[in-house]
Structure formats: C-alpha cells, structure tokens
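In the working numbering, the protein residues as written are 5 to 69. Contents: one structure, followed by commentary.
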Ligand SMILES: [Zn+2]
C-alpha cells in the first residue's frame, strides 16, 4: 500500500501526509506550500518502509488496527 508522503527539508525525514495542512505527526507541510507552490510536488506516494518519521509510522499502525 502506498501513502502520500512529505520529506522535510530540515532533516530529510519522510512523513505521511494527513491532509492539506499537516502530516500525521502534526508537522505542517502547508507552510512550505504557501511559500513556494512547487513544493507541492514534494508530496509523493511511497511505501511504508520508506517513511522514516517514527511518529507518523505509529499513527498509521493505529489507524490500521
Ligand atoms: Zn511525521
């Protein structure tokens, strides 16, 4: 299964995108989008084993229970 993910420019962590504003762990990705619309292209579909944010991974596990 593939998830929409966002890679943080700060530390290169890969997060799972929850909605237009934030990732599952609460990180806001939309602030980047507002600064530069091209950043929307940073949202790509990846498999879970490519996600490196521990908090996002834990939340996904909870959603699947
Ligand atoms: Zn995250």
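Cβ coordinates follow ideal geometry from the N, Cα and C atoms, glycine included.
> Excluding sequence positions up to five away, which residues of its chain have a Cβ less than 6 angstroms from the Cβ of residue 21?
Replying inline: 8, 10, 27, 47
> Measuring from the CB of residue 28, is there a heavy atom of ligand 1 at a distance below 7 angstroms?
Replying inline: yes
> For residue 63, does the three-state DSSP call read helix, strand or coil?
Replying inline: Note: residue 63 maps to helix in three-state DSSP.
> When the Cα atoms are used, what is the spatial distance from residue 16 to residue 68?
Replying inline: 25 angstroms
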